[in-house]
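Heads up, the thing below is written out as structure tokens.
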Amino acid sequence: MLAALGALPASPAAAIVGGRPAGGDVAASTVMVVSTRGASCTGVVLGPSVILTAAHCVAPKANYAVAVIEPAGPRVLTASRVSVHPGFDPASFDTRRPTPDLALMQLSEPLPDRFRPATLASDPALPARGSLFTLVGFGVVKDGDGRSAGTLRAVDLPVIGTTGGIMIRLSAGAAAGGCTGDSGGPVLAGGTVAAIIGWSTAAGGARGCGGVTGATLIGPQRPWIESTARAMGATLR
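What follows is the structure, given as structure tokens:
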């Protein structure tokens, strides 16, 4: 399974390619993560001031926040605390050895009332090949087109394999999947967050977007997520 990841020149995921606008319940539990590095990612709401995202989104030294749009204009809610999964290795994108690409952020103030906690998966079992999931993120719709980021989009993709017992790979064999800005976004099964987007490739395994998307499964990592969220004042659904 490690060899399967090694064959992919993956890079941190950006925006949803080949998707559709997302709204409703998923929009109420999904946020945009921003930083002083100039990069953006996606995050999942676990509580009024607790966000789950990808570790590589918040591991580099910087200040992090969540950006929300309100009637008066954009507002930034800064992170007062960031906790990266202890098993995450920032070099995993180069070594092709999968590690849990997960982190939690505690915000300095609560999100607006319109946001609601997502429901996380608890089953540690690996999903069957062909299982269909919905990927959601604020990323770009075309690799390199930064102007297309910032709108929440979704795309449905089947599982084509698993890696290291902690990750799923998703692809429809067409130009669809995660891209820049989608990292940290939810991978949903029946409204439940089953995984967190981590990386993507272009068609044929080249660097880019629209080929294969990799995501860290929630079930095997739920004990760490639950204990860390509790320390930040959130109780998981």
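Residue numbers (full-length UniProt numbering): 1 to 237. The beta-carbon is built from N, C-alpha and C at its ideal position, and this holds for glycine as well.
So, using beta-carbon positions, are residue i and residue j closer together than 8 Å?
| i | j | result |
| --- | --- | --- |
| residue 154 | residue 134 | yes |
| residue 221 | residue 90 | no |
| residue 60 | residue 67 | no |
| residue 234 | residue 46 | yes |
Go through its chain and collect everything with a Cβ distance to residue i's Cβ below 7 Å, but skip five positions before and after it.
| i | result |
| --- | --- |
| residue 228 | 83, 104 |
| residue 48 | 110, 111 |
| residue 114 | 28 |
| residue 216 | 100, 101, 102, 166, 167, 195, 196, 198 |
| residue 22 | 136, 152, 153, 154 |
Residues in its own chain within less than 6 Å of residue i by CB, not counting five upstream and five downstream?
| i | result |
| --- | --- |
| residue 121 | 192, 194, 218, 219 |
| residue 162 | 126, 168 |
| residue 43 | 31, 33, 51, 53, 184 |
| residue 19 | 153, 154, 155 |
| residue 3 | Only weak support exists for where residue 3 lies, its pLDDT of 25 falling under 50; the value from the coordinates is given anyway. Excluding residues within five positions, none has a Cβ falling inside 6 Å. |
| residue 204 | none |
| residue 189 | 133 |
Since residue i and residue j should fall inside the 8 Å C-beta cutoff, what is the C-beta to C-beta distance between them, to a whole number of angstroms?
| i | j | result |
| --- | --- | --- |
| residue 137 | residue 158 | With 8 Å as the limit, residue 137 and residue 158 do not qualify as a contact, their Cβ atoms being about 18 Å apart. |
| residue 239 | residue 55 | Given a span of 1 to 237 for the chain in the structure shown, any question on residue 239 remains unanswerable. |
| residue 209 | residue 173 | Between residue 173 and residue 209 the Cβ distance is about 14 Å, and since that is not below 8 Å, they are no contact. |
Could you tell me if the beta carbon of residue i falls within a distance shorter than 7 Å of some heavy atom in the ligand SAM?
| i | result |
| --- | --- |
| residue 92 | Absence of the ligand SAM from the depicted structure is noted, as is the absence of any ligand whatsoever, leaving it without description. |
**Message:** Which runs of the alpha helix (DSSP H) at least 4 residues long sit entirely within the region 78 to 114? Give them in chain order.
**Reply:** Runs found: 92 to 95.
**Request:** Could you pull out every unbroken beta strand (DSSP E) segment of at least 3 residues lying fully inside the region 162 to 191, listed in chain order?
**Result:** Positions of the beta strand (DSSP E) runs, each at least 3 residues long and wholly inside the region 162 to 191, are given as 167 to 170, 186 to 189 in order along the chain.
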